Amino acid sequence: DGIRDYKVTGVQTCALPICEPLNTEQALLMTPAACSLGAVGERAVPQILAVIGEPPMPDLVETPEDPKSSARVHAFKALARTQTANAEVPHVIINTLATQDTNWKHLRGPAAEAAGILKIHEAVPALIAVLEDKTDKNIDERTRLDVILALGELRDPRAIKPLLAYIGKNWTTQIGRAHV
């Protein structure tokens with residue numbers, strides 16, 4: 001009811017209780033809260049961005065463990081569901097993709113997914129950088145898949161060569177493994 005009332009009346013207080021599970025570590029409630037926030041749409045974007053916050057400065061590689069880690073993952077999913085990108089959204093997505101902070105690196109996959117869904121073309125260089133990074137042990141195959149899918153959603157010509165290089169490298173590796 002709160003979401004329906006919020007969409008009709010635009011009363012901001014209806015969205016705030018939905019954000020509450022994202023601000024805590026109530027894992028069971030995070031996914032439904034993220035879905036509900038996404039359903040609210042454009043008006044929920046400021047609250048979602050408040051949950052995500054800003055990655056630490058690039059020179060801060062080690063920071064204390066992030067108590068809002070799960071909430072941030074779900075907030076990125078909610079952001080994508082809103083189908084809305086205000087002026088702050090590209091900045092948050094690009095900074096998340098570029099962060100070197102160990103507590104934020106796992107957010108690159110959800111940030112990439114949001115970039116693709118929201119058509120954040122400014123994120124293409126950061127997405128390519130994640131795809132091409134061979135030194136970062138925190139970039140797993142799931143993150144690379146999210147980046148690849150985002151680049152496909154964006155249909156940006158700048159992604160063609162990096163994607164072909166990635167496919168060629170991995171195709172050769174897979175063929176090599178098959179012959180062993």
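Everything in the sequence shown is counted per the numbering used here, starting at 1 for the first residue and increasing by one. Even for Gly, the Cβ is constructed at its ideal location relative to N, Cα and C. Please read all numbers here as calculations on a predicted model, not as lab measurements.
Which listed residue (the options) has its alpha carbon closest to that of residue i
{"i": "residue 148", "options": "108, 135, 137, 55", "result": "108"}
{"i": "residue 90", "options": "165, 106, 117", "result": "117"}
{"i": "residue 84", "options": "44, 125, 50, 36", "result": "44"}
{"i": "residue 119", "options": "142, 49, 82, 73", "result": "82"}
{"i": "residue 36", "options": "80, 155, 138", "result": "80"}
{"i": "residue 142", "options": "156, 154, 159, 105", "result": "105"}
{"i": "residue 123", "options": "101, 110, 139, 93", "result": "93"}
{"i": "residue 125", "options": "103, 162, 33", "result": "162"}
{"i": "residue 167", "options": "144, 140, 76, 52", "result": "144"}
{"i": "residue 74", "options": "160, 33, 103", "result": "33"}
Three-way DSSP call (helix, strand, coil) for residue i in this model
{"i": "residue 118", "result": "coil"}
{"i": "residue 134", "result": "coil"}
{"i": "residue 162", "result": "helix"}
{"i": "residue 184", "result": "The first residue shown for the chain is 1 and the last is 180, placing residue 184 beyond what the model contains."}
{"i": "residue 139", "result": "coil"}
{"i": "residue 42", "result": "helix"}
{"i": "residue 113", "result": "helix"}
{"i": "residue 55", "result": "coil"}
{"i": "residue 144", "result": "helix"}
{"i": "residue 155", "result": "coil"}
Run of the alpha helix (DSSP H) containing residue i, from where it starts to where it stops
{"i": "residue 77", "result": "69 to 82"}
{"i": "residue 88", "result": "88 to 98"}
Any C-beta of chain D under 8 Å from that of residue i
{"i": "residue 71", "result": "The chain inventory of the structure shown lacks chain D, comprising one protein chain alone."}
query = Quick one: any contact between the region 123 to 130 and the region 93 to 108, if contact means 3 or more CB pairs under 8 Å?
reply = yes
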